[in-house]
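S.K.: Pasting a structure here, questions to come.
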Amino acid sequence: MTPFAAILQRAVETTPNAIGGAFADADGEMVDSFAKIDRHDWAVLTAHYGIVLAHLTAAFGTLHYGGPEYFIALHKKLEVVVHAVDAGYYALLAFDKPSDLPLALHHLRRAANDLRKEMA
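Now the structure itself:
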């Protein structure tokens, strides 16, 4: 297991109802992941949320606010938190409902910091 995957595994296993964590580049290409669902489905989900992050970054950059630190998407059967890491890279954590969003954000924030350190 790579150091990136170990960081993601820790985030997933310490977050109730988490189904996966991913680390991806600015193009949505997964660098590494730890997921309890099909790898292809997980890669597609990760890439789609990378597109959402890119749109948010572009929109808020135009308004001179800077890119988002994180965003949360709540769906009928899934919750997703995406957190910027560095240089366009991002981390993603997804979980089934019900979830503890503050706890999930705490674990994802810690994972993003650890991923940033590992990148250096």
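Numbering-wise (the numbering used here), the sequence shown opens with residue 9 and increments by one.
We put the CB at the ideal spot given by N, CA and C, even for glycine.
Values in this document were obtained by computation on a predicted structure and should not be read as measured data.
Can you tell me which of ASN25, ALA13, HIS56 puts its alpha carbon nearest to the alpha carbon of SER41?
M.R.: Considering only ASN25, ALA13, HIS56, the residue with the shortest C-alpha distance to SER41 is ALA13.
S.K.: Would you report the Cα separation of LEU82 and MET9, rounded to the nearest angstrom?
M.R.: Whole-angstrom Cα-Cα distance: 30 Å.
S.K.: Taking one C-beta from the stretch 42-55 and one from the stretch 67-78 each time, how about it: are there three or more such pairs within less than 8 Å?
M.R.: no
S.K.: Quick check on the burial criterion: 16 or more other C-beta atoms within 10 angstroms. Buried or exposed for GLU87?
M.R.: buried
S.K.: Sorted by chain position, which residues of the same chain lie with C-beta nearer than 8 Å to ARG118's C-beta, five sequence neighbours on each side aside?
M.R.: ALA19
S.K.: Counting C-beta neighbours from all protein chains within 10 Å, is the total for ALA30 16 or more, i.e. buried, or is it exposed?
M.R.: buried
S.K.: Just checking my contact of ILE45 with GLY28 at CB under 8 Å: how many whole Å lie between their CB atoms?
M.R.: With a Cβ gap of about 6 Å, ILE45 and GLY28 count as contacting.
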